[in-house]
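Counting with the UniProt record's numbering, you get residues 1 to 130 for the letters of the sequence shown. Glycine is no exception: its CB is placed at the ideal position from the N, C-alpha and C atoms. Computed from a predicted structure; not experimentally measured. Below is one structure, written out as structure tokens; comments come after it.
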Amino acid sequence: MPLLLIADDSMFQRFTLAKVARGMGIDVLEAKTGVECLELFRRHAPDAICLDLNMPDMTGFEVLDALSGLSEQAGLSEQAGAVRVPPVAVITADIQDTTRQRVQRHPFVTLFNKPLPEQTLKDFLHHALF
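Structure below.
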């Protein structure tokens, strides 16, 4: 089964995303913080990530930068496949142009605005995982 990592400090948001994913036959890991997200990423190598930008210990931007840096620190390109950053859905209520620009620096990220329609999430997960 594909594995999805959901990182959001909102229990409601994690529950909602996980319910949709599990309904599609996807295994789910949940992180409440950015640090926990990175720990679970290193330990389990998920196939996709749903990420909030506003978390208490580190921002989603910092998580994205850290994910990008893992490939670079390993001295391997993503194309080599050794340290692969999976598709990431950034789900945020922040609709500022500067936010969009910062997120789009990362080629593995798709930006979605809250509230995220269930079908949009399903489409992302289907494309990313199947």
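Note that the C-beta distance between residue 2 and residue 129 is below 7 Å. For residue 53, the three-state secondary structure derived from DSSP is coil. Taking the Cβ atoms as the reference, residue 26 lies roughly 10 Å from residue 17, outside the contact range of under 8 Å. The three-state secondary structure of residue 41, taken from DSSP, is helix. In the structure shown, residue 88 adopts extended strand secondary structure according to DSSP, grouped into three states.
Contact check for residue 38 against residue 66 passes: the beta carbons are separated by less than 7 Å.
Across the structure, residue 32 and residue 8 are spaced so that their CA atoms are roughly 5 Å apart.
Residue 51 and residue 58 have their alpha carbons spaced roughly 12 Å apart.
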